[in-house]
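A.B. asks:
In this note's numbering, the protein residues as written are 83 to 417.
(1) How long is the line joining the alpha carbons of residue 158 and residue 408, rounded to whole angstroms?
(2) Going by alpha carbons, who is nearest to residue 366 out of 249, 137, 377?
(3) Does the segment 259-273 come into contact with the segment 128-148, if we say contact requires no fewer than three beta-carbon pairs (one atom in each stretch) closer than 8 Å?
(4) Identify, in the order they occur along the chain, each residue of the same chain with its Cβ nearer than 7 Å to the Cβ of residue 280, setting aside the five sequence neighbours on each side.
(5) In angstroms, rounded to a whole number, what distance separates the CA positions of residue 337 and residue 318?
(6) Here's a check: name, in chain order, each residue in its chain whose Cβ is nearer than 8 Å to the Cβ of residue 286, leaving out the five neighbours to either side.
(7) Would you say residue 413 lies against chain D (beta-carbon separation less than 8 Å)?
(8) Along the chain, where does the alpha helix (DSSP H) containing residue 274 start, and where does it finish?
(9) Would you mind listing the beta strand (DSSP E) stretches within the segment 275-348 that are 3+ residues and don't spill past its ends, in chain order?
(10) Determine, using beta-carbon pairs with one atom in the segment 347-359 and one in the segment 369-388, whether at least three such pairs fall under 8 Å.
(11) What are the partner residues of residue 359, as DSSP defines its beta bridges?
(12) Excluding the five sequence neighbours on either side, which residues of its own chain have a C-beta within less than 6 Å of the C-beta of residue 276, listed in chain order?
(13) Enumerate in chain order the residues of its own chain whose CB-to-CB distance from residue 162 is below 8 Å, with the five nearest sequence positions on each side excluded.
(14) Would a C-beta distance cut-off of 8 Å place residue 391 and residue 262 closer than the cut-off?
(15) Contact between the segment 234-242 and the segment 196-208 is defined here as three or more beta-carbon pairs at a separation below 8 Å; is this criterion met?
(16) Tell me whether residue 148 is buried or exposed, calling it buried when 16 or more other Cβ atoms sit within 10 Å of its Cβ.
(17) Between the alpha carbons of residue 232 and residue 241, how many angstroms are there, rounded?
(18) Report the option in 226, 284, 177, 164 whose CA atom is closest to the CA atom of residue 194.
(19) Using 8 Å as the cut-off, can you tell me whether the segment 303-320 makes contact with the segment 108-124, which would need three or more C-beta pairs spanning the two stretches below that distance?
(20) With DSSP as the reference, label residue 170 as helix, strand or coil.
(21) Could you give the distance in angstroms between the alpha-carbon of residue 294 and the alpha-carbon of residue 333?
(22) For residue 200, write down the residues that DSSP places opposite it in a beta bridge.
Written as structure tokens, this is what we have:
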């Protein structure tokens with residue numbers, strides 16, 4: 083995947099760029115945040131400055147990672163992000179396979195004359211908006227790809243703790259703590275190298291998963307006890323939360339992270355979904371296992387896509403209508 087001539091070209095662009103921008107998808111997660119900061123600090127260790135520009139702010143449970151306060155978001159720093167992208171000479175596109183995944187930043191990305199490099203692991207990458215593509219849909223995470231990118235450049239000695247912490251965080255979260263099928267021997271070898279260099283993995287787990295607010299725990303308890311629906315004939319489960327229910331539990335961005343996996347974890351369930359009502363639309367997360375792939379379901383019915391076992395989508399309309407559509411169509415995607 084990391085073709086030598088492409089690596090040489092990217093290395094040359096890095097060395098000769100004065101304004102490098104690192105972008106990632108909207109609704110950031112551990113992998114998008116982790117890969118952005120890992121690349122940012124790797125470049126810094128080379129003596130090269132870069133700016134991380136994201137569409138919106140991250141969930142609070144990732145804010146402990148060094149450098150998150152320096153990320154510029156279009157949501158909060160619109161004019162600065164526009165200026166940065168307009169003057170960029172190199173833009174890295176991390177953890178997304180189409181420009182529309184960066185929301186309101188899309189047009190600024192497309193209008194930019196900067197060279198563009200995609201490093202991503204989603205299915206069916208759009209190659210038209212980038213100059214060089216490093217894509218591997220079978221890879222565990224974009225963070226693992228960042229490691230392999232650095233490895234292919236022959237510069238592993240530049241991975242210090244500032245690089246390793248976000249890199250491990252992204253690998254850990256995108257593999258479901260190393261339980262998803264995308265976790266390979268290579269994944270574990272990479273983590274082993276990071277640990278041998280002094281990485282404290284238990285602290286990362288604790289900071290990411292063991293800092294829950296009381297309102298989050300109550301919301302999750304309510305969702306599981308009152309809103310979990312099982313469709314036994316189809317071996318499907320789903321959870322839904324209305325905007326009023328979120329308000330009742332003082333919802334903060336990130337509070338529903340992982341709920342869809344709880345639904346998938348019910349014994350016998352092969353496919354699960356989580357519906358969250360927002361302003362005028364419904365955001366949906368899909369999960370599957372075994373032969374039950376959810377990316378096609380998301381793409382064909384809910385304007386979405388993603389990985390075969392983890393995808394997202396949306397529905398323009400009411401929550402109950404989104405659920406009704408899902409219940410109607412899901413049967414043909416379950417094996």
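Think of the CB as a built atom: it goes at the ideal place given N, C-alpha and C, for glycine as much as any other residue.
C.D. replies: Taking the geometry as given:
(1) In the chain shown, counting from the first residue as 1, residue 158 sits at position 76. In the chain shown, counting from the first residue as 1, residue 408 sits at position 326. Roughly 34 Å separates the two Cα atoms.
(2) As a first step, residue 366 is located in the chain shown; it is residue number 284 there, counting from the start. Of 249, 137, 377, the residue nearest in Cα terms is 377.
(3) no
(4) Numbered from 1 along the chain shown, position 198 holds the residue referred to as residue 280. Hits under 7 Å: 243.
(5) Within the chain shown, residue 337 is the residue found at index 255, counting from 1. Within the chain shown, residue 318 is the residue found at index 236, counting from 1. When only Cα atoms are considered, residue 337 and residue 318 end up about 23 Å apart.
(6) Against the chain shown, residue 286 aligns to sequence position 204. The residues are 247, 250, 251, 254.
(7) Of the chains in the structure shown, none is chain D; there is only one protein chain.
(8) As a first step, residue 274 is located in the chain shown; it is residue number 192 there, counting from the start. Residue 274 -> alpha helix (DSSP H) spans 267-278.
(9) DSSP assignment within the segment 275-348 yields the following whole beta strand (DSSP E) runs of 3 residues or more, N-terminal first: 310-313, 318-323.
(10) Cβ pair count under 8 Å is three or more, so yes.
(11) Counting from one through the chain shown, the residue named residue 359 turns up at place 277. Paired residue(s): 364.
(12) Working through the chain shown from its first residue, we reach residue 276 at position 194. Counting only Cβ-Cβ distances below 6 Å, and skipping sequence neighbours, we find 246, 250.
(13) Reading the chain shown from its first residue, position 80 is the one you call residue 162. So the qualifying residues of the chain are 154.
(14) Here residue 391 corresponds to residue number 309 of the chain shown, with the count starting at 1. Here residue 262 corresponds to residue number 180 of the chain shown, with the count starting at 1. Yes, they are a contact pair.
(15) The answer is no - the segment 196-208 does not touch the segment 234-242, with fewer than three Cβ pairs under 8 Å.
(16) In the chain shown, residue 148 corresponds to position 66, counting from 1. Its Cβ having fewer than 16 others within 10 Å, residue 148 is exposed.
(17) To locate residue 232, count along the chain shown from 1; it is residue 150. To locate residue 241, count along the chain shown from 1; it is residue 159. Between residue 232 and residue 241, the C-alpha separation is close to 8 Å.
(18) One-based indexing of the chain shown puts residue 194 at position 112. Among 226, 284, 177, 164, the Cα nearest to that of residue 194 belongs to 164.
(19) In short, these stretches do not touch, since the Cβ pair count stays below three.
(20) By one-based count along the chain shown, residue 170 stands at place 88. Three-state DSSP puts residue 170 in coil, outside helix and strand.
(21) Reading the chain shown from its first residue, position 212 is the one you call residue 294. Reading the chain shown from its first residue, position 251 is the one you call residue 333. Taking the straight line from one Cα to the other gives about 12 Å.
(22) Taking the first residue of the chain shown as 1, we reach residue 200 at position 118. DSSP, once it has assigned bridges, lists 175, 215 as partnering residue 200.
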